[in-house]
Amino acid sequence: NMTVANITTPANFFHLMRRQLARPFRKPLIVMSPKSLLRHPECISPITEMEGKSAFQEVLDDGSVGPRSGKKIKRVLMCTGKVFYDLNAYKKENKRDDVAIIRLEQLYPLPEHQLRKLEEKYTEAEWLWVQEEPANMGSWQFIHTNYQRKKLELVARKASASPATGFKKVHDDQQKAIVDKAFS
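Numbering-wise (this note's numbering), the sequence shown opens with residue 22 and increments by one.
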């Protein structure tokens with residue numbers, strides 16, 4: 022009876038809004054994307070992704086992994102939201118071709134069909150759910166409960182009563198630790 026999304030590209034946001042208006046029925050749309058993506062230098066989309074037969078993508082596969090390269094992937098990092106950009110920066114800096122980063126753009130309803138296709142592509146890989154929120158917050162509880170096809174491990178801040186530390190240096194250190202753990 023609703024749609025919950027955490028969008029990471031302008032093109033996907035455009036198509037989500039377009040899909041919402043084009044539906045012959047009305048249901049609530051909840052978008053949880055942070056304002057920081059408005060000014061993030063990597064958060065861009067070419068105009069070609071907004072024209073023609075392009076559409077909203079519930080799940081975005083790693084664009085750097087070719088269609089037949091799934092066997093060489095040792096680890097799949099599944100995430101939603103802006104943590105993708107931190108993970109992707111680390112992947113590029115360290116030339117990690119053995120890791121694929123999958124973005125879950127639509128959280129509810131869970132796009133199980135698209136996720137099953139990715140499971141078939143990355144059959145040998147270890148799957149991790151990465152989030153920057155504490156373990157008792159964010160999307161982990163929903164994913165852990167509803168996505169039971171693949172064994173997922175969690176990489177996140179330790180459980181906390183507060184969603185943030187209150188200190189930028191501590192936050193940056195914790196964010197670096199999350200990214201390092203996801204790739205180690």
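Glycine included, C-beta positions come from ideal geometry on N, C-alpha and C.
- Unbroken beta strand (DSSP E) runs of no fewer than 3 residues, entirely contained in the stretch 95-176, are found at 96-100, 120-125, 127-129, 147-155, following chain order.
- Short of 8 Å from the beta carbon of V80, and not among the five residues preceding or following it, lie these beta carbons of its own chain, in chain order: I123, R124, L125, E126, Q127, P132, Q135, L136, L139.
- Straight across, the Cα-Cα distance linking H61 with D107 is about 11 Å.
- Measuring C-alpha to C-alpha distances from A180 to each of F46, V104, N167, E153 identifies E153 as the nearest.
- By the criterion of a C-beta distance shorter than 6 Å, P31 is surrounded in its chain by S66, once the five residues flanking it on both sides are discounted.
- Around the C-beta of S160, 16 or more other C-beta atoms lie within 10 Å, and the residue is accordingly described as buried.
- When the alpha-carbon of V104 is set against those of V191, T24, V176, the nearest one is in V176.
- Counting the other Cβ atoms within 10 Å of the Cβ of D201 gives fewer than 16, which makes it exposed.
- DSSP places I28 outside both helix and strand once states are collapsed to three, so it counts as coil.
- Counting the other CB atoms within 10 Å of its CB gives N115 a total below 16, which places it among the exposed residues.
- Per DSSP, the beta bridge partners of R178 are P155.
- For V200, the secondary structure class from DSSP, reduced to helix, strand or coil, is helix.
- I94 and Y129 have their C-alpha atoms some 27 Å from each other.
- Selection F77, A146, S54 evaluated against L173 yields A146 as nearest (Cα-Cα).
- Out of H36, L42, G102, the CA that lies nearest to the CA of E72 is found in H36.
- Per the coordinates, the alpha-carbon of M38 lies some 32 Å from the alpha-carbon of R178.
- Ranked by Cα distance from I28, the first of K56, K48, F46 is K56.
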